[in-house]
Amino acid sequence: MAERNLLSRLDGLASRLEEVGTLLADPAVIADMKRFVKLNKEYRDLEKIVTARAQYVKVLDGIQEAKKLLETEQDPEMRDMAREELEACNPRIPALEEEIKLLLVPADPQDEKNAIVEIRGGTGGDEAAIFAGDLYRMYVKYCENKGWKVEVTSHTEGTSGGFKEIIFTVAGEGVHGILKYESGVHRVQRIPQTETQGRVHTSAATVAVLPEAEEFDVEIKDSDIRTDIFCASGHGGQSVNTTYSAIRLVHIPTGVTVQCQDEKSQLKNKAKAMVELRTRIYNMEYQKYLDEITSKRKTMVSSGDRSAKIRTYNYPQGRITDHRINYTIYNLSAFMDGDIQDCIDQLIVAENAERLKESEL
């Protein structure tokens, strides 16, 4: 794209940034939480574009000044300085243009949200549950490294360890936009702890990453919710099997059911369950958005298809393969310890390439 065309697309964005900044200080806007959050998100997005535009213009001006100096200046020292400026600025142009183009392509509006992650053991029985536990540990380690907060909502332990199912929330900056790439079927190839003849088995676990819905994202009437209270189940300890603290919420119009039993307090369990209920109802609509994206793009990177096999963990070879982008590395031990950023970065690059293809930029 020509420099002039790219800059013309940025015209008006700086004034819109000022306009949004003024609106954010308006008491009427502050009182309307839904509008305030939407404008705040727009302000942050515009700020990134305007900052990138300023850098781009600065580099273009540097090139123009250097060229002018070479045409008019006779002093050898000044001409050398101009050449150095050109050599420094010219290589920066393509990277800055790419950055601006990506910023101009509308991002998934859910990327900034927190996430609710559910991991379920799939085919493979006890070994699948053990693998689901391994994946949970991997994500907890990764989240700790990112400084994100993890809270378990509910879990069902496997008979030989791990989890038949575990659901947890992750809170932090841009959590869903990063973790969404983990949705799908994760396959493991290894000798299970329960295997006596040393044979390699293939098992699987499914991961679903949902953007956490805010209160104003979806309206749920109290009259549409049935609340069941029961004793928490699990290993011993005070409050378990003795106190009616576990909560099950049923949304009658949709049939969506969630439960939480990880807190000793009934009120805390209900609050956690409400967050998950809102999220699941909200995601019924969000899934339509994902399906629309998938129909337009070739990539399956963030399609949200839970039945798609996305990654294989081969223990005998110490190999990780992500099937969406043909990404293979041989550091399985570090990967399972939460060192998954490089893989996610590659997935983001692939997704951005598809976003640019479908845009008119």
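Add 53 to a position in the sequence shown, counting from 1, and you land on the number used in my numbering. Where is the CB? At the ideal position from N, CA and C, for every residue including glycine.
| query | result |
| --- | --- |
| If you drop the 5 nearest sequence neighbours on each side, which residues of the same chain put their C-beta closer than 6 angstroms to that of LYS202? | ALA224 |
| Could you say which of ASP164, ASP398, ARG331, HIS208 lies nearest to VAL271 if we only look at CA atoms? | ARG331 |
| When you compare each of ARG240, LEU400, PHE89, ALA81 to PHE184 by their alpha carbons, which one comes out closest? | ARG240 |
| How would you write the range of the beta strand (DSSP E) that PRO80 sits in, first residue to last? | Looking at the DSSP string, PRO80 is not in any beta strand (DSSP E); the run it does join, the alpha helix (DSSP H), is 80 to 84. |
| Check TYR368 in the structure and name its three-state DSSP category. | coil |
| Can you grab the Cα-Cα spacing for the pair ASP179 / CYS284, in whole Å? | 26 angstroms |
| Assign ALA141 to buried or exposed, taking buried as 16 or more other Cβ atoms, counted over all protein chains shown, within 10 Å of its Cβ. | exposed |
| Hey, could you find the ends of the beta strand (DSSP E) GLY74 is sitting in? | Counting along the chain, GLY74 falls outside any beta strand (DSSP E), though it belongs to the alpha helix (DSSP H) covering 66 to 77. |
| Taking the alpha carbon of GLN370 as the reference point, which residue from LYS321, GLN242, ASN336 has its own alpha carbon closest? | GLN242 |
| Decide yes or no for the touch test of the stretch 131 to 148 against the stretch 191 to 211: beta carbon pairs closer than 8 angstroms, at least 3 of them. | no |
| Measure how close the beta-carbons of LYS154 and LEU400 come, nearest whole angstrom, since I'm counting them as under 8 angstroms. | That belief does not hold up - the Cβ atoms of LYS154 and LEU400 are roughly 19 angstroms apart, past 8 angstroms. |
| Assuming ILE334 and THR310 are in contact, meaning their beta carbons sit under 8 angstroms apart, how far apart are those beta carbons, in whole angstroms? | In fact, because the Cβ distance is near 11 angstroms, the residues do not count as touching under 8 angstroms. |
| Leaving out five residues on either side along the sequence, give the residues of the same chain with a beta carbon under 8 angstroms from the beta carbon of HIS149. | Reading off the sequence shown, one finds Leu at residue 149, where the question assumed His. Closer than 8 angstroms at the Cβ level, and outside the excluded window around LEU149, lie ALA105, GLN108, TYR109, VAL112. |
| So is LEU263 buried or exposed if we call it buried at 16+ other beta carbons inside 10 Å? | buried |
| Considering only residues of the same chain and omitting the five flanking positions on each side of PHE89, which have a CB-CB separation below 6 angstroms? | VAL82, ILE83 |
| Please report the residue range of the beta strand (DSSP E) in which ILE169 lies. | 168 to 174 |
| Within this structure, are the beta carbons of ALA258 and GLY174 separated by less than 8 angstroms? | yes |
| Tell me the residue span of the beta strand (DSSP E) that contains ARG243. | 237 to 243 |
| Are the stretch 90 to 102 and the stretch 114 to 130 in contact at 8 angstroms, needing three or more beta carbon pairs? | no |
| Taking three-plus beta-carbon pairs below 8 angstroms as touching, is the stretch 157 to 172 in contact with the stretch 225 to 232? | yes |
| Does DSSP put LYS202 in a helix, a strand or coil? | strand |
| Is it buried or exposed, ALA406, if we count other Cβ atoms within 10 angstroms and call 16 or more buried? | exposed |
| Relative to the C-alpha of LEU59, which candidate in MET389, GLU210, LEU157, THR374 has its C-alpha closest? | LEU157 |
| Quick one: give me the first and last residue of the alpha helix (DSSP H) that ASP281 is part of. | No alpha helix (DSSP H) contains ASP281, which is instead part of the beta strand (DSSP E) from 278 to 283. |
| Tell me the DSSP secondary structure of GLY290 in three-state form. | Model confidence at GLY290 stands at a pLDDT of 44, short of 50, so the residue's coordinates are unreliable; what they give is reported in the following sentence. The answer is coil: DSSP assigns GLY290 none of H, G, I, E or B. |
| From what residue to what residue does the beta strand (DSSP E) around PRO264 run? | 254 to 264 |
| Candidates ASP398, ILE397, ILE393, GLU404: which alpha carbon is nearest ARG190's? | ILE393 |
| Rounded to the nearest angstrom, how far is the Cβ of SER236 from that of VAL260, given a contact under 8 angstroms? | 6 angstroms |
| What does DSSP give as the partner residues of ARG136 in its beta bridges? | None; ARG136 has no bridge partner. |
| Looking only at C-alpha atoms, which of SER386, ASP79, THR176 sits nearest to LYS362? | THR176 |
| GLY357: buried (16+ other C-beta within 10 angstroms of its C-beta) or exposed? | Here the model assigns GLY357 a pLDDT of 47, short of 50, so the residue's position is not dependable, and the following value carries that caveat. Buried. |
| Mapping DSSP to helix, strand and coil, what is GLU226? | coil |
| Within the continuous beta strand (DSSP E) that includes ALA299, where are the two ends? | 299 to 304 |
| Among PHE216, ASP114, ILE102, LYS325, which one has its Cα closest to the Cα of GLU268? | LYS325 |
| Can you name the start and end residues of the beta strand (DSSP E) that ILE382 belongs to? | 380 to 382 |
| How big is the Cα-Cα spacing for GLN340 and ALA119? | 52 angstroms |
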